[in-house]
Amino acid sequence: MRRILIAFVVFCGMLLSAAAQQKTITGIVTGADDNQPVIGATVQVRGTATGTATDMNGKYQISAREGDILEFRYVGMKTHEAVVGTSNVINVTLQTEELGLDEIIVVGYGTQIKSKVTSSIAKVEGEKLMNVPVPTVELALQGKSAGVFIEAVNGKSTGATRMRIRGSSSITATNQPLFVVDGIPITTEASNVSGASINPLTSINFNDVESVEILKDAASAAIYGSRGANGVVIITTKKGYSGDTKINFTIQTGFNDPSHRREFMNAEEYISYFRDAAKRGDAYEDFIYGDPPGTNTYWQWHVEQRLKRYSGWAKILEDPNNPSSKYLGSKVDTDWQDLAFQ
Numbered sequence: 019m020r021r022i023l024i025a026f027v028v029f030c031g032m033l034l035s036a037a038a039q040q041k042t043i044t045g046i047v048t049g050a051d052d053n054q055p056v057i058g059a060t061v062q063v064r065g066t067a068t069g070t071a072t073d074m075n076g077k078y079q080i081s082a083r084e085g086d087i088l089e090f091r092y093v094g095m096k097t098h099e100a101v102v103g104t105s106n107v108i109n110v111t112l113q114t115e116e117l118g119l120d121e122i123i124v125v126g127y128g129t130q131i132k133s134k135v136t137s138s139i140a141k142v143e144g145e146k147l148m149n150v151p152v153p154t155v156e157l158a159l160q161g162k163s164a165g166v167f168i169e170a171v172n173g174k175s176t177g178a179t180r181m182r183i184r185g186s187s188s189i190t191a192t193n194q195p196l197f198v199v200d201g202i203p204i205t206t207e208a209s210n211v212s213g214a215s216i217n218p219l220t221s222i223n224f225n226d227v228e229s230v231e232i233l234k235d236a237a238s239a240a241i242y243g244s245r246g247a248n249g250v251v252i253i254t255t256k257k258g259y260s261g262d263t264k265i266n267f268t269i270q271t272g273f274n275d276p277s278h279r280r281e282f283m284n285a286e287e288y289i290s291y292f293r294d295a296a297k298r299g300d301a302y303e304d305f306i307y308g309d310p311p312g313t314n315t316y317w318q319w320h321v322e323q324r325l326k327r328y329s330g331w332a333k334i335l336e337d338p339n340n341p342s343s344k345y346l347g348s349k350v351d352t353d354w355q356d357l358a359f360q
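Going by my numbering, the first residue of the sequence shown is number 19, and it counts up by one from there.
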């Protein structure tokens, strides 16, 4: 009986200890400008999933322990933090947050104050683009502007990118926006000698970008015409200013490997392939039954001339199918692809 009584006392003590640790916090959240209740403000215990929201009267109720930090958030107001102490009532006053409505932004026809602009314009400061491990400026815009979709077209470090501003405008035509760098429109549809799309924006240094404005409205289309139908990306670079000279040095290094390499024939396979192609070609019978007589070996000469066209020098390579033919080839069986991507 004594043991049961002791266990009961210990259990009650544990319940009282747990109740003392966890308690209910109540309070009212008001705004600093008008001292009115803030409706829908979120209240959350930092580091946990415990949270609630204020009601129509700005009141809230949440469970927390002493020492916990309560975070109060509301759109357009600064986040407020309060430490839970011995009191069960915590009233909070939220301060208004400056949203930068007096900020000057670049539009298609000049500059305007942000609060007076009614069209769809997004601005990204150059500081947000610095120290991003991507090769081009537009790839650095990923996740920094709403409604902008950006992806790389190929695996080349200087390869072109596909950019969509608030959806596509055409099914068959290009949906690439117009890029304007310091007032000069540039095209991103260039290609190299292999036909792969390249990106001329790779020549722009991240540290030289002051701001990037993304436009897609009637005003920008009116200025740039059909080129601005898919949107306009205005890149403004930094300019010199008076004062002390400042030098900033940053460096980034990276490696890029091809995702898929091709399998090439060696010298013997190359000779056999072209000889077989000549025999199976339409002109083979003309070579055999040609006039005058003796032209039946012309197809062999045709193959040999094609092989010699791509031969090297100094080293003699014998034809395994025709020992009488010898080709020059000091660079035969060299894996040029492996040397190019070493």
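Glycine included, C-beta positions come from ideal geometry on N, C-alpha and C.
Check, Outcome
"In or out: residue 64 buried (at least 16 other Cβ within 10 Å) or exposed?", "exposed"
"Could you pull out every residue in the same chain whose Cβ sits closer than 7 angstroms to the Cβ of residue 182, ignoring the five residues on either side in sequence?", "167, 193"
"Determine the extent of the beta strand (DSSP E) in which residue 178 is found, giving its start and end residues.", "Looking at the DSSP string, residue 178 is not in any beta strand (DSSP E), and its letter there is neither H nor E."
"So if DSSP puts residue 90 in a beta bridge, which residue, or which two residues, is it bridged to?", "61, 98"
"Between residue 90 and chain D, is there a C-beta pair that is closer than 8 angstroms?", "Chain labels in this structure do not include chain D; a single protein chain is all it has."
"Pull up the DSSP beta-bridge partners for residue 243, would you.", "DSSP, once it has assigned bridges, lists no residue as partnering residue 243."
"What is the residue span of the beta strand (DSSP E) that residue 79 lies within?", "77–83"
"May I ask you to report which of helix, strand or coil DSSP gives residue 360?", "coil"
"How would you call residue 285, buried or exposed, if buried means at least 16 neighbouring beta carbons within 10 angstroms?", "buried"
"Would you call the region 241–249 in contact with the region 219–227, where contact means no fewer than 3 C-beta pairs closer than 8 angstroms?", "no"
"I believe residue 196 touches residue 259 by the beta-carbon criterion, under 8 angstroms. Please report the beta-carbon distance rounded to the nearest angstrom.", "In fact, because the Cβ distance is near 29 angstroms, the residues do not count as touching under 8 angstroms."
"What are the boundary residues of the beta strand (DSSP E) that includes residue 231?", "227–233"
"If you check the beta carbons only, do residue 107 and residue 45 fall under 8 angstroms apart?", "yes"
"Could you say which of 291, 97, 275, 292 lies nearest to residue 357 if we only look at CA atoms?", "275"
"Can you say whether residue 365 is buried or exposed, counting buried as having 16 or more other CB atoms within 10 angstroms of its CB?", "Because the chain spans 19 through 360 in this model, residue 365 falls outside it and cannot be assessed."
"To which residues of the same chain is residue 76 closer than 7 angstroms at the C-beta, ignoring the five residues directly before and after it?", "46, 47, 48, 55, 56, 57"
"In terms of residues, what are the limits of the beta strand (DSSP E) holding residue 170?", "166–170"
"Measure from the alpha carbon of residue 359 to the alpha carbon of each residue in 263, 111, 280, 292, then state which is nearest.", "280"
"Helix, strand or coil for residue 39, going by three-state DSSP, please let me know.", "helix"
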